[in-house]
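Asker: Please see the structure below; I have some questions.
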Amino acid sequence: MGKNATERHGLLKLIAAGAFLLLLGSHALAADAHLYKIQAGGKSGFINKHGKVVVKPIFDSAEKFSEGMAVVTMGDKTGFVSTDGKIALKMHYEAARGFSQGLAAVRINGEWGYINKKGETVVKPQFESAAGFSEGLAAVRRDGKHGFIDARGATSIAFNFEWTASFRDGLALFKKDGKYGFIDKTGKTAIKAEFESADDFYDGYAIVMRKGRFGLIDKFGSFAAQPVYDYISRFKEGAAFFEEDNKYGFVGEAGKVIVKPQFDGVSVFSEGLALVKTGKYYKYIDKSGKTFLVPGLKFKDAAIFSEGLARITLDRKNIFIDKKGRTVIDFKKKFCFFSDFENGLAAGYIQDKCVYIDKTGKIIWADTFNANKSETKKIK
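Counted the way mature numbering (1 follows the signal peptide of the UniProt record, and there is no 0) counts, the sequence shown spans residues -30 to -1, 1 to 350.
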């Protein structure tokens, strides 16, 4: 949050439910082109939803597609590839960020500027750091101070901040004199800097920390959930999980507790269900706190529901179940592990091969090289 507590809690507590993040590169999905990142022989490329290789795995690294292009790296040079697999912008940048609102930040000779999709310089390199454009403005740093520029490179909000995030929902998080607050797009303070830590607004709410306790505020700065918790997540599907005395429960958007703190680990709600841990075992609950699926059906490892399916771990392998608890996908082999489904596909590995599968369990792509299992990590 601000750059500390969110990294410590927002990721780790979300993964507290024991689900692991499978990294085929980073299982990056190109939402605008429905391309999926692959790694073969230690190199990165992309396939389409049918398993056809669209971008050959020849790059040392590749980011997700954004506005029809993806940042790729070969050696110490960075460029852009298009969804047809061709090099769209030459590999001559030191570093780059994905396109947003028609522009991409690139670094040349240690300084950041912006280019358009033709590779033309729109804002000359002059900044120490530069974020992507969001809501018409980009957060940049110059002479150790942060401010905002418009798409022409003109200063829109003066460089008066220790740190800033990008605009989201009309507000941007900033840090000044060691405290966090929010400004509007004119640069005026919308919510004064009084928090020890804070996060961006999502769906109208932001996580903040005051006097060492976490709560949620709305866009007027009023508390939707009072700062009384050891930690609290963002709202998702009308609920947020919170931590209190090393136990987890849930609050609704009115700030009232809907499930008392009683669990050792939890996830956010997804498709109406949350994954919770008690002792060594996981189960699914609804927003009333009732156990979903067969009462007493427990798992030693599991993940949230995504696209109607959830993966659970049994005897050193993943299987997928539906919301009736029925097994939908089971390769009947040990060492089969997968990510959640995204746009109909899940990344994973089966014994020694990296693969993508569809929701019938059909393997639509497999690496012809041995999988590098060090790239598949379980976050604890």
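Note that CB positions come from ideal geometry on N, CA and C, so glycine has one too.
Once DSSP output is grouped into helix, strand and coil, what is the label at E277?
Answerer: By 1-based counting over the sequence shown, the position of residue 277 is 307. E277 falls in the coil class under three-state DSSP.
Asker: In angstroms, rounded to a whole number, what distance separates the CA positions of R138 and T159?
Answerer: By one-based count along the sequence shown, residue 138 stands at place 168. By one-based count along the sequence shown, residue 159 stands at place 189. One C-alpha to the other measures close to 15 Å.
Asker: Does the segment 308 to 323 come close enough to the segment 26 to 42 to have 3 or more Cβ pairs within less than 8 Å?
Answerer: Because the criterion of three Cβ pairs below 8 Å is not met, the segment 308 to 323 and the segment 26 to 42 do not touch.
Asker: So who's on the other strand from E213, going by DSSP bridges?
Answerer: Within the sequence shown, the letter at position 243 stands for residue 213. Y201, Y218.
Asker: So, are the CB atoms of F262 and Y254 less than 8 Å apart?
Answerer: One-based indexing of the sequence shown puts residue 262 at position 292. One-based indexing of the sequence shown puts residue 254 at position 284. Result yes, Cβ atoms of F262 and Y254 sit closer than 8 Å.
Asker: Please check the pair A32 and G15, which I expect to be a contact at CB under 8 Å, by giving their CB distance rounded to whole angstroms.
Answerer: By one-based count along the sequence shown, residue 32 stands at place 62. By one-based count along the sequence shown, residue 15 stands at place 45. About 7 Å separates the two Cβ atoms, so the contact holds.
Asker: Does DSSP classify A40 as helix, strand or coil?
Answerer: Here residue 40 refers to the residue found at position 70 when the sequence shown is read from its first residue. Of the three classes helix, strand and coil, the one that applies to A40 here is strand, per DSSP.
Asker: Under 8 Å Cβ to Cβ from residue 358, same chain only, skipping five residues before and after it: list those, please.
Answerer: Outside the shown range of the chain, which is -30 to 350, sits residue 358, and nothing can be said about it.
Asker: Whole angstroms are fine: how far does the CA of G242 sit from the CA of N187?
Answerer: Locating residue 187 in the sequence shown gives position 217, counting from the first residue. Locating residue 242 in the sequence shown gives position 272, counting from the first residue. As written in the sequence, residue 187 is Ile, which differs from the Asn given in the question. Each residue's alpha carbon lies about 24 Å from the other.
Asker: Rounded to whole angstroms, what's the CA-CA distance from E214 to G72? Just pull it up for me.
Answerer: Looking up residue 214 in the sequence shown gives position 244. Looking up residue 72 in the sequence shown gives position 102. Spanning the two alpha carbons is a distance of roughly 44 Å.
Asker: Skipping 5 residues on each side, what residues in its chain have a beta carbon closer than 8 Å to that of M44?
Answerer: Locating residue 44 in the sequence shown gives position 74, where the first residue counts as 1. Hits under 8 Å: I28, F29, D30, M61.
Asker: Measuring only the C-alpha atoms, how far is D154 from G318?
Answerer: Along the sequence shown, one-based indexing puts residue 154 at 184. Along the sequence shown, one-based indexing puts residue 318 at 348. Going from the Cα of D154 to the Cα of G318 covers about 42 Å.
Asker: Taking the straight line between their C-alpha atoms, what separation do you get for F239 and V92?
Answerer: One-based indexing of the sequence shown puts residue 239 at position 269. One-based indexing of the sequence shown puts residue 92 at position 122. In a straight line, the C-alpha of F239 is about 42 Å away from that of V92.
Asker: Could you tell me which of K22, V23, E64 sits nearest to A41, measuring between CA atoms?
Answerer: In the sequence shown, the residue the question calls residue 41 occupies position 71. Just to set this straight, residue 41 is Val in the shown sequence, not Ala. For the residues K22, V23, E64, the minimum Cα distance to V41 belongs to E64.
Asker: So, at 6 Å on beta carbons, what are the nonlocal neighbours of S192 in its own chain, with the 5 sequence-adjacent residues on each side left out?
Answerer: For this step, residue 192 is matched to residue 222 along the sequence shown. Correct list: empty, nothing qualifies.
Asker: Any idea if S258 is buried or exposed, counting beta-carbon neighbours within 10 angstroms, 16 or more meaning buried?
Answerer: Translated into positions along the sequence shown, residue 258 becomes position 288. Result: exposed.
Asker: So, with DSSP's three-state summary, where would you put H4?
Answerer: Here residue 4 refers to the residue found at position 34 when the sequence shown is read from its first residue. Residue state, collapsed to three classes: coil.
Asker: Rounding to the nearest angstrom, what Cα-Cα distance links G232 and G331 in this structure?
Answerer: Taking the sequence shown and counting its residues from 1, one reaches residue 232 at position 262. Taking the sequence shown and counting its residues from 1, one reaches residue 331 at position 361. Just to set this straight, residue 232 is Gln in the shown sequence, not Gly. Approximately 36 Å between the Cα atoms of the pair.
Asker: Rounded to the nearest angstrom, what separates A100 and A75 at their Cα positions?
Answerer: Looking up residue 100 in the sequence shown gives position 130. Looking up residue 75 in the sequence shown gives position 105. Cα to Cα, A100 sits roughly 6 Å from A75.
Asker: Tell me whether K162 sits in a helix, a strand or coil according to DSSP, three-state version.
Answerer: Taking the sequence shown and counting its residues from 1, one reaches residue 162 at position 192. DSSP places K162 in strand when its eight states are reduced to three.
Asker: Are the CB atoms of L5 and V23 nearer to each other than 8 Å?
Answerer: Locating residue 5 in the sequence shown gives position 35, where the first residue counts as 1. Locating residue 23 in the sequence shown gives position 53, where the first residue counts as 1. The answer is no: Cβ separation not under 8 Å.
Asker: Please state whether DSSP places N130 in a helix, a strand or coil.
Answerer: Along the sequence shown, read from residue 1 onward, the residue named residue 130 stands at position 160. Looking at N130 - three-state DSSP - the assignment turns out to be strand.
Asker: Looking at the structure shown, is F233 part of a helix, part of a strand, or coil, going by DSSP?
Answerer: In the sequence shown, residue 233 corresponds to position 263, counting from 1. The answer is strand: DSSP assigns F233 an E or B state.
Asker: For F305, collect the residues of the same chain with a Cβ closer than 7 Å to its Cβ; drop the 5 residues on either side in sequence, then sort them by chain order.
Answerer: Walking along the sequence shown from the start, residue 305 turns up at place 335. Taken in chain order, the residues that qualify are R286, K287, Q321.
Asker: Return the CA-CA distance between E166 and A272, expressed in angstroms with no decimal places.
Answerer: As a working mapping, residue 166 is identified with position 196 in the sequence shown. As a working mapping, residue 272 is identified with position 302 in the sequence shown. Approximately 34 Å, taken between the alpha carbons.
Asker: If we ignore side chains and look at the alpha-carbon of each, how far apart do K350 and V198 end up?
Answerer: For this step, residue 350 is matched to residue 380 along the sequence shown. For this step, residue 198 is matched to residue 228 along the sequence shown. Summary for K350: the model assigns pLDDT 21, below 50, so the residue's position carries little reliability; its value from the coordinates is reported in the next sentence. Answer to the nearest angstrom: the Cα atoms are 26 Å apart.
Asker: Please classify A244 as buried or exposed, where buried requires at least 16 neighbouring CB atoms within 10 angstroms.
Answerer: Start at 1 with the first residue of the sequence shown, and residue 244 comes out as number 274. So A244 ends up on the buried side.
Asker: Tell me whether Y172 is buried or exposed, calling it buried when 16 or more other Cβ atoms sit within 10 Å of its Cβ.
Answerer: Taking the sequence shown and counting its residues from 1, the one referred to as residue 172 is at position 202. Counting Cβ neighbours within 10 Å, Y172 comes out exposed, since fewer than 16 surround it.
Asker: According to the Cβ coordinates, are G174 and K162 closer than 8 Å?
Answerer: Counting from one through the sequence shown, the residue named residue 174 turns up at place 204. Counting from one through the sequence shown, the residue named residue 162 turns up at place 192. No, Cβ-Cβ distance for G174 and K162 is not below 8 Å.
Asker: Beta strand (DSSP E) containing Y252: first to last residue?
Answerer: Residue 252 sits at position 282 when you count from the first residue of the sequence shown. Where Y252 is concerned, the enclosing beta strand (DSSP E) stretches over 251 to 255.
Asker: What residues in its chain sit with their C-beta under 6 Å from that of A336, if we drop five residues either side in the sequence?
Answerer: Here residue 336 refers to the residue found at position 366 when the sequence shown is read from its first residue. Closer than 6 Å at the Cβ level, and outside the excluded window around A336, lie K323, V325.
Asker: In the DSSP assignment, find the unbroken beta strand (DSSP E) run with L186 in it and report its ends.
Answerer: Residue numbering aside, residue 186 sits at position 216 when the sequence shown is read from its first letter. Residues 183 to 187.
Asker: Which residue wins for smallest C-alpha separation from G249, given the options K260, G222, E277, N216?
Answerer: Here residue 249 corresponds to residue number 279 of the sequence shown, with the count starting at 1. Answer by Cα proximity: N216.
Asker: Based on the DSSP output, what are the partners of G114 in its beta bridges?
Answerer: If you number the sequence shown from 1, residue 114 lands on position 144. Note: G114 sits in no beta bridge, so no partner.
Asker: Once DSSP output is grouped into helix, strand and coil, what is the label at H20?
Answerer: Indexing the sequence shown from 1 puts residue 20 at position 50. Three-state DSSP puts H20 in coil, outside helix and strand.
Asker: Near Q196, which residues of its chain fall below 8 Å by C-beta distance, leaving aside the five closest residues on each side in sequence?
Answerer: For the purposes of this step, residue 196 is taken as the residue at position 226 of the sequence shown. The residues are G185, G225.
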